[in-house]
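Worksheet for the structure shown next.
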Amino acid sequence: MQITQASGMRVVGETGEGSKLLPLIHQEKPDVLILDAIIPGVRTSALVRRIKSEFPQVKIIVFSAYEDPALVRGLLAAGVDGYMLKEEMLSRVVDAVREVIRGGMPLSSKITANMHEMWQQDEPSHPPMPEPLTLREQEVLEWMARGLSNRAIAEKLHVTERTVKFHVGNILGKLGARSRVEAVRIAIEKGWVDV
C-alpha cells in the first residue's frame, strides 16, 4: 500500500533538499509534512522550528531510521508532531498521518519505550554546571553534537587533537557527564545545542 493510494490522501510535493522545503511548503500548503531526522546540509531541529514558526498549521511527522533517544527528544522539543521508524509498515505510517491530523502524536512503540526510559531519569541527577562553558568549549560541544570526532573537530577549529581532548574533558566535568554521548544528550535536553 502506498501513501498516494490511501483514501483521502494526496502527495502534493517531494524534495530531497532542505533548501527547497520552505518554498515547497509555501507553494503547496500541505496539511502534513513527512521529514527524515537527518537532512544533509540542514540542522533538522532548526528547520522544524522555522517551519512551525512560519507554518504553524502544518503537522510534521519524522519518518526515519534513527532512533537515538537524544535525537528524538531534540526533534520533539523542536516541535515535531510524531516520530515513526522506517522499519514500521507503510500502513502504520498512513495511520500516523491520520492520527496527527486528528490532533494525536503518533510515535513508534520503540521510540515510546526509549523516550520513557530517558524521561524517567531524574533531572537532579545532572548537577548544575559549577561554571559556564567557555566560548571554545561551546564550539567543541556544538561539533560533538553534530557527531564529529576529536580529530575532525581539531581540523575545524585549527587546533591540535590534544587541545580538543582537553576541552572535551572540561565539558564532561562541567556537565557532570560520563561520556561524550551523555554530554551531548544533556546539552540537547537543556537546549544549549540543536541537533
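In this note's numbering, the protein residues as written are 124 to 318.
Quick reminder that beta carbons are idealized off the backbone N, C-alpha and C, glycines included.
Since this is a predicted model, take the numbers as computed values, not measurements.
Between the Cα of residue i and those of the options, spot the shortest distance and give me the residue it belongs to.
i    : options                : result
L256 : W315, I161, V203, A275 : W315
A200 : L258, L298, L170       : L170
V287 : G296, D218, G227, N273 : N273
E151 : E284, V291, R133       : R133
I311 : G270, T235, A275, T283 : G270
G292 : V282, A275, E260, Q180 : E260
H281 : G296, I294, E262       : E262
L264 : L230, L208, V304, R285 : V304
V223 : I174, G205, R172, E211 : G205
Tell me residue i's beta-bridge partners as DSSP assigns them.
i    : result
Y206 : V185, L230
V287 : Per DSSP, none; premise fails for V287.
L213 : None, per the DSSP bridge assignment.
L156 : I183
What is the DSSP secondary structure of residue i, reduced to helix, strand or coil?
i    : result
M252 : Caution applies to M252, whose pLDDT of 45 falls short of 50 and renders its modelled position unreliable; the value that the coordinates give is listed next. In the structure shown, M252 sits in coil (DSSP, three-state: anything other than H, G, I, E or B).
I161 : coil
L298 : helix
D245 : Because D245 carries a pLDDT of 43, less than 50, the predicted location of this residue cannot be relied on, and no value is offered for it.
S272 : coil
E312 : helix
Would you kindly work out how many angstroms separate the C-alpha atoms of residue i and residue j, rounded to a whole number?
i    : j    : result
R166 : G131 : 32 Å
R221 : R215 : 10 Å
E137 : A277 : 37 Å
R301 : L145 : 39 Å
G141 : H149 : 14 Å
A193 : V135 : 31 Å
L298 : G197 : 18 Å
F289 : S231 : 39 Å
P247 : L295 : Its pLDDT being 48, under 50, P247 is placed unreliably in this model, and the value from its coordinates should be taken loosely. Those two C-alpha atoms are separated by around 16 Å.
K143 : T283 : 37 Å
Next on the checklist: Counting beta carbon pairs with one atom in the segment 155-169 and one in the segment 185-192, are three or more of them shorter than 8 Å?
Outcome noted: Under the Cβ criterion (8 Å, minimum of three pairs), the segment 185-192 counts as touching the segment 155-169.
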